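Participant: The sequence shown stops at residue 727 when you use UniProt numbering, and every number in between is there.
Glycine included, each C-beta is placed from N, C-alpha and C at the ideal position.
Bear in mind the structure is a predicted one, so any value in this text is a computation, not a measurement.
Let me give you the structure first, and then I'll get to my questions.
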Amino acid sequence: MDWTLPFSHWRRFSCLDTPRASSRVCSQLSSLSLKLSAPLPAFISASQLGVYKAFVDNYKVALETAEKCSQSNNQFQKISEELKVKGPKDSKDSHTSVTMEALLYKPIDRVTRSTLVLHDLLKHTPVDHPDYPLLQDALRISQNFLSSINEDIDPRRTAVTTPKGETRQLVKDGFLVEVSESSRKLRHVFLFTDVLLCAKLKKASAGKHQQYDCKWYIPLADLVFPSPEESEASPQVHPFPDHELEDMKMKISALKSEIQKEKANKGQSRAIERLKKKMFENEFLLLLNSPTIPFRIHNRNGKSYLFLLSSDYERSEWREAIQKLQKKDLQAFVLSSVELQVLTGSCFKLRTVHNIPVTSNKDDDESPGLYGFLHVIVHSAKGFKQSANLYCTLEVDSFGYFVSKAKTRVFRDTAEPKWDEEFEIELEGSQSLRILCYEKCYDKTKVNKDNNEIVDKIMGKGQIQLDPQTVETKNWHTDVIEMNGIKVEFSMKFTSRDMSLKRTPSKKQTGVFGVKISVVTKRERSKVPYIVRQCVEEVEKRGIEEVGIYRISGVATDIQALKAVFDANNKDILLMLSDMDINAIAGTLKLYFRELPEPLLTDRLYPAFMEGIALSDPAAKENCMMHLLRSLPDPNLITFLFLLEHLKRVAEKEPINKMSLHNLATVFGPTLLRPSEVESKAHVTSAADIWSHDVMAQVQVLLYYLQHPPISFAELKRNTLYFSTDV
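Printed below as a string of structure tokens:
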């Protein structure tokens with residue numbers, strides 16, 4: 001590495017701490033010449049990293065010193081604004097001009113780049129190559145070094161000086177969906193210490209850097225949040241149709257599968273890029289249209305803005321970050337066109353979130369996430385300042401956005417709740433688990449007009465990464481999430497999707513779980529198993545308006561208790577059902593179908609269902625799908641039709657329970673219809689492939705029957721139209 005100016009000179013310059021010192025370096029600055037070549041940290045020996053860190057640690061002092069020198073000496077300021085540096089070897093110009101600030105920042109900027117270079121080198125180096133272990137060590141050292149300085153770098157690189165000489169820092173940024181002119185627009189929102197700025201990323205012209213176009217800004221002194229009651233006058237948010245979201249998911253899964261096939265067959269890079277482009281388009285649409293949680297902000301001057309978020313977690317994060325800054329003594333202001341241009345121009349350099357959060361933006365070797373079932377026990381919480389009615393919700397990410405999956409019971413009037421409740425959460429390529437702690441509100445006047453729900457107060461929230469190495473063990477892993485002084489203790493373990501396909505028939509034929517449905521109905525002398533009838537009846541009696549019924553997990557210990565009672569045919573079943581949490585009853589019904597020795601729609605017919613749903617001709621599909629139902633054993637068919645009508649009645653209450661036919665098909669499809677262990681091993685190579693190859697089709701099969709006009713068992717049996725199951 002050929003630096004014309006020795007590194008020690010940089011350290012010496014960065015130690016200048018008085019304006020008087022500027023006169024001693026003006027002559028040096030006027031002839032300053034540097035050759036900027038490879039990233040510094042990648043090519044410094046490990047023993048010299050300490051020296052480099054000293055430069056990084058002194059970066060802020062260096063900037064402040066340069067600023068002081070510029071203010072006290074016009075010659076210094078003039079030179080520091082246009083330093084001559086040697087251009088690259090292949091450049092037409094032998095010299096180019098940069099500012100002192102840019103020159104000081106150059107080595108800082110290259111810390112991350114060097115790590116990425118090593119990352120790419122390792123990715124394209126064969127495992128058996130002699131350099132592979134050396135690159136691993138180099139990457140480890142580089143990443144450790146990077147993590148040790150990251151916290152110091154961030155606040156320094158996010159500082160912007162306003163024309164008045166005040167320091168404005170970027171606190172938070174990210175992509176949000178804004179509802180503007182009755183349509184959804186993806187925006188990049190920047191929260192500075194005194195202003196919230198909403199921008200759109202411009203399409204870059206050839207040879208030009210990308211820039212942001214400011215759509216609007218609000219000084220934090222003028223920003224207010226509307227109360228739930230004030231939202232009544234605002235435009236109502238209409239959710240995007242579920243079936244269109246499901247179609248997007250299906251397309252994304254199919255494209256992922258095609259990309260993997262192309263890579264396995266060493267297909268052309270152009271074909272892969274074309275598929276990736278299509279996948280990005282569908283992921284972008286899903287990201288744009290899936291959020292439903294409103295986040296409204298007002299300007300005191302009267303203008304209102306509406307964002308849609310996928311989770312209460314994000315809404316709370318943005319609200320808390322803004323309110324924290326508003327505690328300071330802020331003044332209202334108006335940015336001139338020049339000031340606004342400068343601020344917007346700085347966004348590209350300062351942003352911390354660089355890419356739209358879609359999987360097509362990720363590297364090929366990044367974790368695809370976990371597919372299967374996450375078992376979580378929420379034990380207890382401490383740190384509350386006073387007694388309250390407390391509960392927790394669990395969220396996991398799926399297709400780039402977060403979905404609420406479980407909710408503990410409300411622990412009343414306590415500062416130390418002890419839930420000890422276990423949940424089973426299905427993961428679909430998930431990488432993060434979130435826990436949110438709420439105080440339950442029973443005041444019916446505090447209703448959010450956007451979703452007609454009483455607003456509960458978030459007491460704390462936390463998130464952890466689902467590291468496969470940590471999670472994928474047979475033993476429970478206990479951890480603590482700290483949130484705003486509150487500590488929530490929980491345990492978790494993971495069961496992969498391929499393991500969940502393994503069915504263990506019950507050794508006791510006297511129970512109902514794990515026993516063939518034909519055996520149960522014959523023993524009970526019933527057409528539909530007693531457990532199915534009782535659970536359905538209870539859900540329709542008091543759970544049909546429960547938000548997220550069948551999607552929100554019930555407490556695992558309650559479900560196991562119900563399982564034991566049904567298996568033992570206990571006389572107290574009805575009494576126990578009437579007292580049990582409705583989500584546990586819904587969970588018991590799902591567990592019954594999942595633990596059948598073979599799925600309700602049978603192993604034998606599974607391939608035919610997969611082929612039938614893929615038919616493009618409506619008449620052929622109708623004939624095939626109806627014939628497949630007739631091919632089911634009578635106990636299976638009657639039970640399936642009974643469940644079908646129940647799920648349709650649940651979906652009729654969608655405005656209240658938020659469970660559409662599509663939601664219900666997503667919950668029950670993979671439970672009622674899934675491949676046998678032999679078939680899944682023959683067709684797929686990984687848990688992710690199981691999802692992309694089969695699960696979406698399973699959902700579509702159930703959805704087909706849910707959207708079909710009422711199907712009568714008698715009519716099916718009377719119809720003598722034969723259609724081969726060998727589609």
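1) When the distance is taken between beta carbons, is tyrosine 212 closer than 7 angstroms to leucine 201?
2) Per DSSP, aspartate 479 is paired with what?
3) Please list, in chain order, all residues of the same chain as threonine 639 whose beta carbon is under 7 angstroms from its beta carbon, the five residues on each side excluded.
4) Would you report the Cα separation of methionine 696 and leucine 661, rounded to the nearest angstrom?
5) In whole angstroms, what separates the C-alpha of proline 6 from that of alanine 54?
6) Between isoleucine 322 and leucine 196, which are expected to be in contact by the criterion C-beta below 8 angstroms, what is the C-beta distance as a whole number of angstroms?
7) Quick check on the burial criterion: 16 or more other C-beta atoms within 10 angstroms. Buried or exposed for threonine 478?
8) With distances taken between CB atoms, is the gap from tyrosine 705 to leucine 628 smaller than 7 angstroms?
9) Using beta-carbon positions only, say whether proline 107 and valine 177 come within less than 7 angstroms of one another.
10) Once DSSP output is grouped into helix, strand and coil, what is the label at isoleucine 79?
11) Apart from the five residues just before and just after lysine 590, which ones in its own chain have a Cβ nearer than 8 angstroms to its Cβ?
12) My guess is that residue 767 and glutamate 422 are in contact by the Cβ rule of under 8 angstroms, so how many angstroms apart are they, rounded?
13) Taking Cβ positions, are isoleucine 656 and glutamate 545 nearer each other than 7 angstroms?
14) Starting from the Cα of glutamate 598, find the closest Cα among Leu103, Phe513 and Val565 and give me that residue.
15) I'd like the ranges of any alpha helix (DSSP H) spanning at least 4 consecutive residues and lying wholly in the segment 603 to 677.
16) Classify threonine 352 as buried or exposed, calling it buried when 16 or more other Cβ atoms lie within 10 Å of its own Cβ.
17) Where does glutamate 178 sit, in a helix, a strand or coil, going by DSSP?
18) Apply the 10 Å Cβ neighbour rule to alanine 687 and answer buried if 16 or more other Cβ atoms are within range, or exposed otherwise.
19) Just reading off the alpha helix (DSSP H) that serine 72 is part of, what are its end residues?
20) Taking just the CA atoms, how far does glutamate 424 sit from leucine 288?
21) Which residue's Cα is closest to the Cα of tyrosine 438: Phe333, Lys457, Glu428 and Asp420?
22) Assign proline 468 to one of three DSSP states: helix, strand, or coil.
23) Can you name, in chain order, every residue of its own chain whose Cβ lies under 6 angstroms from the Cβ of aspartate 154, other than the five neighbours on each side?
24) With DSSP collapsed to three states, give me the class of proline 710.
25) Pick out the complete alpha helix (DSSP H) segments inside the segment 559 to 585, 4 residues or longer, and give them in chain order.
26) How about alanine 665 and leucine 702: do their beta carbons lie closer than 7 angstroms?
27) What residue from Gly400, Phe333 and Asp131 has the CA that sits closest to leucine 309's CA?
28) DSSP three-state label for leucine 330, please.
29) Might you give, ordered along the chain, the residues of its own chain that have their beta carbon closer than 7 angstroms to the beta carbon of lysine 648, omitting 5 neighbours on each side?
30) By Cβ distance below 7 angstroms, which residues in the same chain neighbour lysine 215 in space, the five residues on each side in sequence not counted?
31) Less than 7 angstroms separating the beta-carbons of valine 396 and lysine 385?
32) Which residue comes first and which comes last in the beta strand (DSSP E) that contains tyrosine 184?
33) To the nearest angstrom, how far is the alpha carbon of tyrosine 442 from that of phenylalanine 307?
34) Below 7 angstroms CB to CB, which residues in the same chain sit around leucine 245 once its five sequence neighbours on both sides are set aside?
35) Measure the C-alpha to C-alpha separation of serine 22 and serine 70 and round it to an integer number of angstroms.
36) Could you check which residue in Arg315, Met625 and Pro618 has the C-alpha nearest to that of isoleucine 297?
Facilitator: According to the structure shown:
1) yes
2) Phe490
3) Ile517, Val528, Pro529, Val532 and Leu600
4) 14 angstroms
5) Because the pLDDT at proline 6 is just 38, under 50, the model does not fix this residue reliably, and the value given afterwards should be weighed accordingly. Cα-Cα distance, rounded: 15 angstroms.
6) 7 angstroms
7) exposed
8) no
9) no
10) helix
11) Tyr550, Val667, Phe668 and Thr671
12) Nothing about residue 767 can be read from this structure; the chain reaches only from 1 to 727.
13) yes
14) Phe513
15) 606 to 613, 618 to 630, 634 to 652, 654 to 657 and 661 to 672
16) exposed
17) strand
18) Model confidence at alanine 687 stands at a pLDDT of 47, short of 50, so the residue's coordinates are unreliable; what they give is reported in the following sentence. Result: buried.
19) 59 to 72
20) 29 angstroms
21) Lys457
22) helix
23) Only weak support is given to the placement of aspartate 154: the predicted model assigns it a pLDDT of 44, under 50, and the value that follows is read from those uncertain coordinates. Excluding positions up to five away in sequence, the list is empty.
24) coil
25) 573 to 579
26) yes
27) Gly400
28) coil
29) Leu706
30) Arg187, Cys198, Ala199 and Lys200
31) no
32) Per the sequence shown, residue 184 should be read as arginine rather than tyrosine. Unbroken beta strand (DSSP E) run through arginine 184: 183 to 192.
33) 27 angstroms
34) Leu286, Asn289 and Ser290
35) No answer about serine 22 holds up, because its pLDDT of 44 lies below 50 and its placement is not dependable.
36) Arg315
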